[in-house]
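Chains as they are written, first to last, in the numbering used here: chain B, 1 to 223; chain V, 1001 to 1267.
Where is the CB? At the ideal position from N, CA and C, for every residue including glycine.
All remarks here apply to the structure that follows.
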């Protein structure tokens, strides 16, 4: 067994799973409104009023991981933000090989950062859709407050509905890919250790995050 | 089937509120006591009050005063925004071209409430702690009376002949005649049957501009409803299908390509 490399801090892991859990909860309680095929979800929650209750207050919990990580481990958060907005040649070159690799073929992918380009895309889309979902969700839930007290026009409230729908559709599509790569795909599956225990093997770090390994991991391990 | 509409000639209304009582009575709607706001009993229609006579005072050019009454209720749009945005297919058009809510299907999401251009449909809320049981209600045009060959309760009750229910062609022709009749007395009079929502099953002869009555001048199905229901939602479903197929495809091809290899060579 190769050496273990530190990947994520405990607060990051906690924030990730709280985010993942509330996302799924919100997804399932919202699903019957999106497609009538899923009206049975109401039954699971004991009626639409309970599903709505869980969806509303779950939505507030969905805001927590971001607040939590900013309070407890802001360094990891800013590192993540800096990384996902940094796009260089090796990031763009990632996707050519990724398409092959995704379907199980071998491909040469240039050395990647702490977050590879796929993870960067996933993060960007999740951040973007979560922002849209939270803003539009609050606008819909507290429509009366926004129009009566803050003087928002009704057309802004109405804009929240397609916004919520678009972000819902986009975020779910991204999540399907993210979940598959973390638990299904044989090559990337070991990454799950990083977000469960906080450590990955040195081999995995070298193979999947070569640039990060070369610049920040290799020397530390030798010490 | 003979096309029927409700025609409301507000210039004949004397504000007696008989239609309000008849509506409450027939539809078995509970009493709703609101704070005092002058002669008008309720600020707007609600889930329990499907019919309200509005009273609007307008100063005429000659310095005189007009007291304008309007029987306010669901207009039953041909292109009904409430029906378009309903998440559960609970809102539909009846065979009488009226818009009805299926109480059993309604989950109380409230989309229809936000999207109604006339602020008609409302939620009835039953609070149990933080959990809120909700359902949307509004005028049905007394569909259960129409089924029995009766007139809507408001039309039956109206002693002034202001609310009439009958043949569409005849009533639309009557509306034009009445418009000519009242033009001298009410120069701003107009027939309110807004095209933006495909016309309505309740057609008004208004004595003044729609906005004077608190009605939108040119209501339409909101663009956001079209973006949401005609584009975003179908595309979102398709997108989920595409990514799921990609993942399933990847799982299968990985199983084939990695046979006996166990994944990466460098692992």
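Indicate the three-state DSSP secondary structure (helix, strand or coil) for residue 1123 of chain V in the structure shown. strand
Strictly below 7 Å CB to CB, what residues from chain V border residue 118 of chain B? Within chain V, no residue comes near residue 118 of chain B; the closest Cβ sits about 13 Å away, beyond 7 Å.
Using a C-beta to C-beta distance shorter than 8 Å, which residues of chain V count as neighbours of residue 180 of chain B? 1247, 1250 and 1251
Contact set for residue 1048 of chain V: own chain, Cβ-Cβ below 6 Å, skip 5 residues either direction: 1029, 1030 and 1032
Can you find the residues in the same chain that come closer than 6 Å, C-beta to C-beta, to residue 1126 of chain V, ignoring five residues on each side of it along the sequence? 1133
Report yes if the CB atom of residue 1224 of chain V is closer than 8 Å to the CB atom of residue 158 of chain B, and no otherwise. yes
Proximity test, Cβ basis, 8 Å: residue 110 of chain B and chain V: Chain V contact via Cβ: absent.
Which residue comes first and which comes last in the beta strand (DSSP E) that contains residue 1008 of chain V? For residue 1008 of chain V, the enclosing beta strand (DSSP E) stretches over residues 1004–1009.
Cα-Cα separation between residue 1142 of chain V and residue 1073 of chain V, rounded to whole angstroms: 12 Å
Residue 1256 of chain V burial status per 10 Å Cβ neighbour count (16 or more: buried): exposed
Pull the bridge partners of residue 1135 of chain V from the DSSP assignment, please. V:1124
Suppose you measure from the CA of residue 1075 of chain V to the CA of residue 1200 of chain V; what does that come to, to the nearest Å? 6 Å
Residue 1050 of chain V in three-state terms, based on DSSP: coil
In angstroms with no decimal places, state the Cα-to-Cα distance between residue 206 of chain B and residue 200 of chain B. If you take the alpha carbons of residue 206 of chain B and residue 200 of chain B, they lie about 10 Å apart.
Helix, strand or coil, according to DSSP, for residue 1190 of chain V in the structure here? strand
Mind pulling the chain B residues with CB within less than 7 Å of residue 1109 of chain V? Identification of chain B residues near residue 1109 of chain V by a Cβ-Cβ cut-off of 7 Å yields 33, ordered along the chain.
Given 8 Å as the limit, is there contact between the region 1077–1094 of chain V and the region 1045–1060 of chain V, that is, 3 or more CB pairs closer than that? no
Measuring only between beta-carbons, confirm whether residue 50 of chain B sits less than 8 Å from chain V. yes
Considering only the beta carbon of each residue, do residue 165 of chain B and residue 1236 of chain V sit closer than 8 Å? Yes, the Cβ-Cβ distance between residue 165 of chain B and residue 1236 of chain V is below 8 Å.
Closer than 7 Å at the beta carbon, the chain V residues around residue 162 of chain B: 1224, 1227, 1228 and 1232
Between which two residues does the alpha helix (DSSP H) containing residue 1180 of chain V stretch? 1168–1182
Please determine, among B:47, B:94 and B:99, the residue with the shortest C-alpha to C-alpha distance to residue 115 of chain B. B:94
Same chain only: Cβ atoms within 7 Å of residue 1163 of chain V, ignoring 5 sequence neighbours per side: 1006, 1008, 1019, 1071, 1154 and 1155
What residues of chain V sit near residue 159 of chain B, judged by a beta carbon separation below 7 Å? 1224
Check whether the Cβ of residue 1114 of chain V lies closer than 8 Å to any Cβ atom in chain B. yes
Any idea what DSSP makes of residue 1221 of chain V, helix, strand or coil? coil
Using 10 angstroms around the beta-carbon of residue 1177 of chain V, count the other beta-carbons present and answer buried if the total reaches 16, otherwise exposed. Residue 1177 of chain V is exposed by the Cβ-count criterion.
Per the contact definition of three or more C-beta pairs closer than 8 Å, is the region 105–113 of chain B in contact with the region 204–218 of chain B? yes
Could you name the residues of chain B that residue 1256 of chain V contacts, counting a contact when the two beta carbons are closer than 8 Å? What residue 1256 of chain V touches in chain B: 104.
What separation, rounded to the nearest whole angstrom, lies between the Cα atoms of residue 72 of chain B and residue 2 of chain B? Take the alpha-carbon of residue 72 of chain B and the one of residue 2 of chain B: they are about 31 Å apart.
Is residue 1221 of chain V closer than 8 Å to residue 1197 of chain V when the C-beta atoms are compared? yes
Under 8 Å between the Cβ atoms of residue 1080 of chain V and residue 1113 of chain V? no
Kindly say whether residue 1237 of chain V, judged by its beta-carbon, lies nearer than 8 Å to any beta-carbon of chain B. yes
For residue 87 of chain B and residue 1044 of chain V, what's the separation of their Cα atoms in angstroms? Per the coordinates, the alpha-carbon of residue 87 of chain B lies some 55 Å from the alpha-carbon of residue 1044 of chain V.
Sorted by chain position, which residues of the same chain lie with C-beta nearer than 6 Å to residue 39 of chain B's C-beta, five sequence neighbours on each side aside? 32
Contact the region 1054–1069 of chain V vs the region 1207–1215 of chain V: 3+ CB pairs below 8 Å: yes
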